[in-house]
Structures are given as C-alpha cells and as structure tokens.
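Residue 849 is where the sequence shown starts when you use the numbering used here, and the numbers rise one by one after that.
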Amino acid sequence: MDLSLSDEQQGIQQSARDFARRVIDPIARELDQAARWPKEVVRGMAELGLLGVAIPSDKGGTGADHVAYALAMEEISRACASCGVIMSVNNSLYCDPVYKFGSEGVWGEFLEPYASGRKLGCFGLTEPMSGSDAATMATFAERDGDTYVLNGSKNFITNGPEADAMVLFAMTTRGVGHRGATAFLVPLDLPGITRAPHDDKLGIRAAHSCTIYLESVRIPETLRLGDEGSGFKVAMATLDGGRIGIAAQALGIARAALEKAVAYSKERKSFGVTISNHQAIQFMLADMATELDAARLLTLRAATMKDRKQRHTPESAIAKLYASEAATRITHKAVQVFGGYGYIKEYDVERHYRDARITEIYEGTSEIQRIVIASSLLKG
Ligand code: CAA
C-alpha cells in the first residue's frame, strides 16, 4: 500500500492549510458564537477550487481526486467544522450525484456554477418523520405530462438557507418501499418553495441548516436524476462518498483538539512542572494521536477506493464510524487536559467537543454505519 501523496494532493492540502490558517482561524470562534454564515470563507474556498475538488475541470471543478478532497476537508475542518461541512455538502452530496447521475443537458446549469462555487447546493433526503429509515420518506412527486409536481418537506438540510439548488429525493410510486423513490434536481427559487429559519444547534453553528417546504412545486422531467425508482440507490451511493467527507471533517476537528491539548500541556503547570510531565496527560495525548492516525488511514483508504472506482460502501462506513467516534473521544480528552479552561468559551476545545458530536449523527448515525458494515459482512 502506497501511503505517499502525489504533488497535486500535497498542493491542494497545502493551499487548504494556508487558507485555513490565514482566513478561517482568526474568525472561527466568532463564527461559532454568532452562528454566522461564513460568506467570505465560502467565497475563498470557491476561489481555491475547494467546492468541486473531484469534479473535472471542464465541468467547473478542480479535476483532482477524492484523496485530495479528504485532505482539504481535514484542513478546513481543523480550523472550522462548520466551514468543513458547507464544503462537503456541496462537493459530496450535491456535485457528485449531479455529475454521476445527471445528464450532460443539466451540467451547464446545475453542475458548473456549483463545482466552481458561484452557486451552492444541498441534499434533501431527511424528513421530519424519516431519518435513518430513509425509504419511508413521504415527499411525493406526481407525474403530470412531462413535468412532476412535488409536495412535502425536508429537514435538517445543511446549506438549506443559502443553497441555490437541491438534490431532492421523493416517492414517485407508493407501496413499493425504496423502489418507489426517485432523485430530482430542484432549483430553490421556484414558486411553492419556502424555507424555515435556520436551526439553532449545539455545534457546527455557522453551517446553517433548515426545513424546506415544497407545495405544488412543478419541475420538468429533464430534472430527474437517473431513472424513476432508482432514487434510493442514488442516495445510498452518494452517501458512500459523503461519509468519506464527514470522516475527514471528524479528523480535522480531532486534530485541532489534539494540537491544542499538546500545546497547552507544555504551558500549564501543576505540582511544580508543566502538565506534559505527568504520565496521566502523556497517556491521554498518546491515545488521542493513535486514534487520530488510525482514523486518517481508514479515511484515506476509503477515498483511494473511490478514486479507483471500487465499491467502497463498508469502507466508507468504517471510516465514518471510527473517525466520528474517535473525534468524540479525542475532543473529550482535550477538554480534560485543559481542565476548567476547557469548559469555557475563551478556549476553543469546548467548540471542538460540541462540533465533533454531529459527526456521529449526520450522513447516517453510528448505528446506521454498524448496520451497513454488518450487512456487508453477513452478505459476503
Ligand atoms: N449503493 C448502491 N445501492 C445500495 C447501497 C449503496 N451503498 N446500499 C444499498 N443499496 C441498494 C441495495 O442493493 C438494495 O437494492 P435492491 O433492493 O435492488 O437489492 C436497496 O438499495 C435497499 O438496500 P437495503 O435493503 O440495504 O436498504 P435498507 O432499507 O435495509 O437500509 C440503510 C438501508 C443503510 C439503513 C439506509 O436507509 C441508510 O443509509 N439510512 C441512513 C440515511 C442517512 O444516512 N441519512 C443521512 C441524511 S443526509 C445528511 O445528513 C446530510 C447533511 O445534512 C450533512
């Protein structure tokens, strides 16, 4: 297994790292505390080509691979997990399925502006009564000649308040379970679409999410992604890629916590020495570093498989499961290393601790990842 990075991968990693240090680090705490949408960061990420990393350059993207995407996601998320998820939703959950399942006819309007970052996309799968059990969605698309009429609602839609278009999943046939689901592209300025105010969240507070309502929204059949009835598979295949992005986001959050814990342990004194001299602290730091490394290797393995066009369903689930739970453990320990200072907003580790938590929930909870992994073991 070759663990070396190509010049292109290193270049994208470095430019994301420099941008994160220069532009995001100074404002990350304020973005979190004010729950402020980071417009200037999104513009900067677009200029760097970070909003369509693995989309070919003739379709508005950077034309790099998914390893480069994961590396960049880690760098951006190290500075600000909210900025990381804004990036990942546009890359993995919007541009990727539009490229993979859309026809050339839609790429000009619905891929190029998004992969280049002039516009922003979101992903509409979750509904108020359908989260983990995605096949029970109630949003319905009724065929009417060469159009569809959409009715329903989608919630917890990351980028929802700011997005220009959504990859939306709706039922086109009732009573046949997941085989009745179809994927669509929906411009979000159509009559009949309304958005609720953004959710007030525990973490990733600057990445806005909201509920989106669709009332008799009419779209042409040319905006269907894939065949009627194939929507569930479009969603699952998309999430195979999305979970790599969330694993990389978890890596970034965990790395930020570890770096800050190491630095703090060398400054803070107790019992006459810096706390880095205490084995209790050293063991925590060692465990944090070990878990972070393991999580990174799993994430890069899944990304490499995606680049090789190998089926990577369980590998993505393993990476996301391990990286997200490791991020929770690592940020928990970072708060412990900081002691009382870890619990107040003057230091960033409490933000990393809150931000880590969502990585165990969205794009499939840890329990869903275990179902995916076990099902692949038991099938094989
Ligand atoms: N790729 C392609 N096809 C797939 C697939 C994949 N990864 N996984 C399953 N399928 C296919 C199966 O082959 C099967 O097809 P056939 O019927 O033709 O054989 C079909 O899909 C159904 O598969 P299952 O029987 O395994 O489906 P299930 O209903 O038992 O369970 C599940 C599926 C894994 C629980 C799934 O519902 C799931 O992943 N749920 C979680 C949903 C989720 O992750 N939501 C996140 C929302 S997005 C988000 O969070 C965005 C954000 O804000 C950041």
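Using N, Cα and C, we set each Cβ at its ideal position, and we do this for glycine too.
For residue i, count neighbouring C-beta atoms within 10 Å of its own C-beta (all shown protein chains included) and say buried if the count is 16 or more, exposed if not.
{"i": "P1162", "result": "buried"}
{"i": "F790", "result": "With the chain covering only 849 through 1228, there is no way to say anything about residue 790."}
{"i": "A1175", "result": "buried"}
{"i": "T974", "result": "buried"}
{"i": "L1225", "result": "exposed"}
{"i": "L1016", "result": "buried"}
{"i": "D944", "result": "buried"}
{"i": "T1179", "result": "buried"}
{"i": "K1168", "result": "buried"}
{"i": "S852", "result": "exposed"}
{"i": "T1042", "result": "exposed"}
{"i": "F958", "result": "buried"}
{"i": "T1138", "result": "exposed"}
{"i": "E1208", "result": "buried"}
{"i": "I1152", "result": "First, the amino acid is wrong: residue 1152 is Thr here, not Ile. Buried, because 16 or more other Cβ atoms sit within 10 Å of the Cβ of T1152."}
{"i": "F1186", "result": "buried"}
{"i": "D880", "result": "buried"}
{"i": "V1121", "result": "exposed"}
{"i": "F1119", "result": "exposed"}
When DSSP builds the beta bridges, which residues end up paired with residue i?
{"i": "V1065", "result": "L998"}
{"i": "M1019", "result": "F988, A1029"}
{"i": "R1072", "result": "F1032"}
{"i": "E895", "result": "Answer is none; E895 lacks a bridge partner."}
{"i": "A1013", "result": "G969, P1035"}
{"i": "C928", "result": "DSSP, once it has assigned bridges, lists no residue as partnering C928."}
{"i": "V1121", "result": "S1118"}
{"i": "I1060", "result": "K1002, R1043"}
{"i": "E923", "result": "E923 pairs with nothing; no bridge assigned."}
{"i": "S978", "result": "E975"}
Identify which residue in the options has its Cα closest to the Cα of residue i.
{"i": "G802", "options": "V1185, A920, C943", "result": "The question about residue 802 has no answer, for the chain in this structure spans 849 to 1228."}
{"i": "G1051", "options": "D855, E878, Y947", "result": "E878"}
{"i": "T1147", "options": "G892, G1190, R1156, S1164", "result": "S1164"}
{"i": "E1107", "options": "E1173, A1182, G1188", "result": "A1182"}
{"i": "T1030", "options": "E1076, S1064, R1053", "result": "E1076"}
{"i": "M1014", "options": "D1037, S1172, I1219", "result": "D1037"}
{"i": "F971", "options": "F1186, V1110, I1005, S1172", "result": "I1005"}
{"i": "S978", "options": "E957, G1000, S863, D992", "result": "G1000"}
{"i": "R1202", "options": "L851, A912, P1045, R1053", "result": "R1053"}
{"i": "D992", "options": "S1064, Q858, R1027", "result": "S1064"}
{"i": "P1039", "options": "I1067, D1141, G953", "result": "I1067"}
{"i": "S1078", "options": "H1026, T1070, E1115", "result": "H1026"}
{"i": "E1010", "options": "A989, D1047, A868", "result": "D1047"}
{"i": "V871", "options": "H1056, R926, M1136", "result": "R926"}
{"i": "A1142", "options": "A1171, R1116, K1157", "result": "A1171"}
{"i": "L998", "options": "S930, M1136, I1060, Y1210", "result": "I1060"}
{"i": "D981", "options": "K1154, R865, S854, M1084", "result": "M1084"}
{"i": "I924", "options": "G1212, K948, I860", "result": "I860"}
{"i": "K1002", "options": "V1034, V1024, A1134, G1028", "result": "V1034"}
{"i": "G969", "options": "M935, Q1217, E856, R1116", "result": "M935"}
{"i": "E1069", "options": "A1044, T1020, A1111", "result": "T1020"}
Please confirm if the stretch 1085-1105 is in contact with the stretch 1142-1156, defined as three or more CB-CB distances below 8 Å between the two stretches. Contact between the stretch 1085-1105 and the stretch 1142-1156 is present, because at least three Cβ pairs lie under 8 Å.
Using 8 Å as the Cβ pair cut-off and three pairs as the minimum, do the stretch 984-1003 and the stretch 925-940 touch? Pairwise C-beta distances place the stretch 984-1003 out of contact with the stretch 925-940, as fewer than three of them are shorter than 8 Å.
Report yes or no: do three or more beta-carbon pairs, one from the stretch 960-975 and one from the stretch 897-910, lie closer than 8 Å? Judged by Cβ distances under 8 Å, the stretch 960-975 makes contact with the stretch 897-910, as three or more pairs qualify.
Segment contact flag, the stretch 1124-1131 with the stretch 884-897, C-beta cutoff 8 Å, min 3 pairs: The answer is no - the stretch 884-897 does not touch the stretch 1124-1131, with fewer than three Cβ pairs under 8 Å.
I want to know whether the stretch 1208-1226 touches the stretch 1184-1197 - three or more CB-CB distances under 8 Å. Taking 8 Å as the limit for Cβ pairs, the verdict is that the stretch 1184-1197 does not touch the stretch 1208-1226.
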